[in-house]
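Scroll down for the structure; my scribbles are underneath it.
Residue numbers (the numbering used here): -2 to 387.
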């Protein structure tokens, strides 16, 4: 579609609403590790069942993203919603390892079929003049369920027999998302009739040759590092806090998430007005500083200020990275490239806890935090230097 100066507000809000509902069907599984162990699985098997979701998502983004266009996006979405709804309800009836493994793979495929087309539709709506604020608000829709659903699940958990009912209940968002998708399809089809056209599918050879361009590859790499950092910290933090004598540390992530959401919700114009590369380097500098501060933490006195530091760093990162990918991509590759950012999200989410756990076992939390700080600062430095390469 040709670039436009203004963002179609109704269509954009509708897209963000159905993305929120889809991501609720991911974030509700924060209790899955405990639930699987209650079913009798070992920690290793529970970890495998959790991580296979990310592996299936990685596979789908790597092999199918280039086939999604604005023309076929809705067919993917409708099929994905059916799969997500069936998978969510499946926890009521499935309790054995192999069926659960297939269920988790099905969820990964289903969520991909919903969210990857949403990115393609989003890219067709935005222009270079509003890409920063658009991705800032869009990433808020992606992030908000992680702040809402754990608390809601805990409140509802006392009223139902077990987590499986919460998982199935959250799948109840999907019929409403289905209706919103029908409405969005109707609205975007009217936009196309008014002169906007859609790019066709791109070949596998073209798509992956495009990924090898330095500017594209560097943004993908930095995005992967960002999510390795984010998930490594998330999954290891509770045990780290206990090792430093802090018994109740959950509010660290509540405040961090609140700062991230505030930046993305109210600071959208930052991502349009300022250099996206400088914002990314600044974000990584804050995050590296946060790891250094965590290493000196021995009581609760500095926990909340450090949460704010991480919130600023991680709040600035994702919108700036996604909007930069949009800007440096050729128009016909934009949807594919932004979807490949989601591939690196899954890759980082898989590798972060794994590498972090190995680092903690080998060097303790101090070693892990110093490596994380050095890796974050080093990534920012290399990224800044690569930005000067034409």
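The beta carbon of each residue, even a glycine, is placed where N, CA and C say it ideally should be.
Please read these numbers as outputs of a predicted model, since none were measured by experiment.
Tell me whether residue i sits in a helix, a strand or coil according to DSSP, three-state version.
i	result
residue 203	helix
residue 216	helix
residue 156	coil
residue 384	coil
residue 92	coil
residue 124	coil
residue 66	coil
residue 151	helix
residue 314	helix
residue 361	helix
residue 244	coil
residue 326	coil
residue 146	helix
residue 209	coil
residue 332	helix
residue 169	coil
residue 353	helix
residue 264	coil
Should residue i and residue j be called a contact, given that it needs their Cβ atoms to be closer than 8 Å?
i	j	result
residue 283	residue 376	no
residue 216	residue 381	no
residue 323	residue 128	yes
residue 119	residue 12	yes
residue 241	residue 137	no
residue 252	residue 301	yes
residue 113	residue 339	yes
residue 228	residue 8	no
residue 76	residue 110	yes
residue 121	residue 67	yes
residue 224	residue 85	no
residue 320	residue 94	no
residue 431	residue 70	Missing from the structure shown is residue 431; the chain here goes from -2 to 387 and no further.
residue 226	residue 369	yes
Given residue i, which residues of its chain have a CB within under 7 Å of its CB, disregarding the five upstream and five downstream residues?
i	result
residue 30	43, 47
residue 102	49, 53
residue 290	299, 303, 306
residue 212	325
residue 106	53, 57, 80
residue 167	21, 22, 25, 85
residue 335	116, 120, 319, 322, 323
residue 337	58, 62, 208, 217
Have a look at residue i and residue j and give me their C-alpha separation to the nearest angstrom.
i	j	result
residue 294	residue 270	36 Å
residue 348	residue 341	10 Å
residue 146	residue 177	21 Å
residue 59	residue 201	10 Å
residue 169	residue 82	7 Å
residue 312	residue 157	34 Å
residue 296	residue 230	18 Å
residue 343	residue 51	5 Å
residue 441	residue 173	Since the first residue shown for the chain is -2 and the last is 387, residue 441 is missing from the structure and cannot be characterised.
residue 287	residue 373	10 Å
residue 22	residue 74	14 Å
residue 17	residue 64	24 Å
residue 218	residue 140	21 Å
residue 379	residue 364	22 Å
residue 315	residue 123	17 Å
residue 207	residue 92	43 Å
residue 204	residue 243	48 Å
residue 239	residue 143	23 Å
residue 412	residue 309	Missing from the structure shown is residue 412; the chain here goes from -2 to 387 and no further.
residue 125	residue 246	40 Å
residue 161	residue 104	14 Å
residue 150	residue 78	21 Å
residue 390	residue 98	Residue 390 is absent from the structure shown; the chain starts at -2 and stops at 387.
residue 292	residue 256	21 Å
Need the endpoints of the alpha helix (DSSP H) that residue i sits in, please.
i	result
residue 8	6 to 24
residue 296	Run containing residue 296: none; DSSP gives neither H nor E here.
residue 47	40 to 61
residue 270	267 to 270
residue 30	29 to 35
residue 84	70 to 87
Ordered along the chain, which non-local residues of its own chain (more than five positions away) have a Cβ less than 6 Å from that of residue i?
i	result
residue 237	362
residue 330	207
residue 384	274
Cβ of residue i less than 8 Å from any chain B Cβ?
i	result
residue 76	As a matter of chain content, chain B is missing from the structure shown, which is built from one protein chain.
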